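Enquirer: Using full-length UniProt numbering, read the sequence shown as starting at 1 and increasing by one per residue.
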Amino acid sequence: MPMTVRSRDPRWLLLFRLGVAVLALVPLLMLLGRILTRDLGPDPGQVITESFGLAAFQLLLATLCMTPLKRWTGWSGWIRVRRMLGLFAFFYACLHVLSFLQFILGWTDLWATFTKRPYIILGAFAFLSLVPLALTSTKGMVKRLGKRWKPLHRLIYVAVVFAWLHFVWQARSDIGEMVGYGVMLVCLLALRGVWFGWSTLIPLRKG
Ligand code: HEM
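1. Rounded to a whole number of angstroms, what is the C-alpha to C-alpha distance between W111 and L130?
2. Helix, strand or coil for Q46, going by three-state DSSP, please let me know.
3. Nearest CA to the CA of K147: which residue from L95, T115, P132 and L204?
4. Just the Cα atoms here: how many angstroms apart are P2 and W75?
5. According to DSSP, is G197 helix, strand or coil?
6. Three-state secondary structure (DSSP) at residue 212?
7. Work out the CA separation of L191 and L185 for me, nearest whole Å.
8. I think A171 touches F88, with their Cβ atoms under 8 Å apart; what is that distance to the nearest whole Å?
9. Could you tell me whether the region 58 to 75 touches the region 38 to 47, where touching means 3 or more Cβ pairs closer than 8 Å?
10. With burial defined as no fewer than 16 other Cβ atoms inside 10 Å of the residue's Cβ, what is the status of W107: buried or exposed?
11. In its own chain, which residues sit with a C-beta less than 8 Å from the C-beta of L61, not counting the 5 before and 5 after it?
12. Should A161 be counted as a contact of the ligand HEM given a C-beta to heavy atom distance under 6 Å?
13. Quick one: grab the DSSP three-state call for G41.
14. Determine the extent of the alpha helix (DSSP H) in which L95 is found, giving its start and end residues.
15. Flag this pair as touching only if the region 42 to 57 and the region 134 to 152 have three or more C-beta atom pairs under 8 Å; answer yes or no.
16. Buried or exposed, going by whether 16 or more other CB atoms sit within 10 Å of the CB of G53?
17. Is it the case that the Cβ atoms of T63 and R34 are separated by a distance below 7 Å?
18. Mapping DSSP to helix, strand and coil, what is T136?
19. Alpha carbon to alpha carbon, how far is T37 from R8? Give it in angstroms, no decimals.
Here is the structure:
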């Protein structure tokens, strides 16, 4: 069967979606494997928190890759998995924040906890920007919000930039990794700016 015909086949799309879901679960499964084999080193809580944070950030970047992939390949299947990737990013962000509270700073005096260090404030901003996106990701909410849905969902750019700053700020070593992610982020935002206009990078703005 030629690729173009196969890629429009609903069974092929279902398989693709399943494959993407399995890939998105890999960080969780790998971490569970490490927990079961007691392979988390002297500070398991830190490793768990960092793994979930990294997975959330990588999935946010993956979400932003879907539009360029659609444009380059002409295949709309990429867009069909975009929402799922975004929700997985939010899922890992929730696990990241929960493990931070559980293993690193505790559940008492949350305000003092979240305002303790600048990188935590940046992380909290990133997380807060993701919440309305997750809450309005259903088909019903897309319909209800109508034209307001798109400007709201541009909050993903705020979330990913804050998440990157949060990532860089707390880094103690391996600056190369952060620079690599930063270059990728700038390229993804620049592509969007060039293709659709720079104003489309501004969240909550009409048009
Ligand atoms: C209230 C929100 C958040 C808090 C309190 C928080 C807290 C933390 C803490 C304590 C660390 C570990 C720092 C260390 O190594 O000492 C961390 C790392 C990290 N966080 Fe967050 N975070 C938040 C939100 C987010 C969000 C929304 C994302 C991504 C979408 C994110 C991505 C990351 C990444 C990528 C790392 C580095 C992981 C690594 O070193 O491999 N964080 N965060």
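We treat Cβ as the ideally placed atom computed from N, Cα and C, and that holds for glycine. Just so it is clear, the structure is predicted and the values come from calculations on it, not from any experiment.
Expert: Checking against the coordinates, here is how it stands:
1. 19 Å
2. helix
3. L204
4. No answer about P2 holds up, because its pLDDT of 49 lies below 50 and its placement is not dependable.
5. coil
6. Nothing can be reported for residue 212: it is not among the residues displayed for the chain, which extend from 1 to 207.
7. 10 Å
8. Contact doesn't hold; Cβ gap of about 24 Å is too wide.
9. no
10. exposed
11. V160, Y181, M184, L185 and L188
12. The residue asked about is misnamed: residue 161 is Val in this sequence, not Ala. Flag unset: Cβ of V161 not near the ligand HEM.
13. coil
14. R82 to S99
15. no
16. buried
17. no
18. coil
19. 42 Å
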